[in-house]
Amino acid sequence: MRDAGLDVDPSTVDTNIVFVNLPQADFDVDYLHSELLESGVRISPVKAGRLRLLTHREVTQREALLASDLIAKSCAAARGRQPSDVNKAGVDAIY
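Letter by letter, the sequence shown follows residues -8 to 86 in the working numbering.
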């Protein structure tokens, strides 16, 4: 995800939870959320400019790498976009 310009610090990861700091300007978090849901990556809505990622022990390395790639691509698509009224599928969180 660093290759996509996202702020991720692996040294802060002790568990299966990773926080990604998102750009503050010219970045549409609603678009990001919608794109990830459409691509099959289930996330909770972005809060405080951070994306909270977690995995489960049954998620394979291949699946984690695929999710990472999809997140990077969706973040790239959200860059340069102004906040929009993208429908968040009417949910506050997906589990």
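C-beta atoms are modelled at their ideal positions from N, C-alpha and C, and glycine is treated no differently.
Item: If we require 3 or more residues per run, which beta strand (DSSP E) segments fall completely within the segment -8 to 79?; Value: 8 to 12, 41 to 45
Item: Since F18 and A69 are thought to touch, with beta carbons under 8 Å apart, how far apart are those beta carbons, to the nearest angstrom?; Value: 6 Å
Item: Verify whether the separation of the beta carbon atoms of L61 and V32 is less than 8 Å.; Value: yes
Item: Using the Cα positions of I34 and S2, report the straight-line distance between them to the nearest angstrom.; Value: 22 Å
Item: Between L28 and V37, which are expected to be in contact by the criterion C-beta below 8 Å, what is the C-beta distance as a whole number of angstroms?; Value: Not really, about 12 Å apart at Cβ, beyond 8 Å.
Item: In whole angstroms, what is the alpha-carbon distance linking V50 and A16?; Value: 33 Å
Item: Please determine, among P14, D(-2), S65, the residue with the shortest C-alpha to C-alpha distance to S30.; Value: S65
Item: Cα separation between D0 and P14?; Value: 15 Å
Item: Just how far apart, CA to CA, sit D5 and A58?; Value: 20 Å
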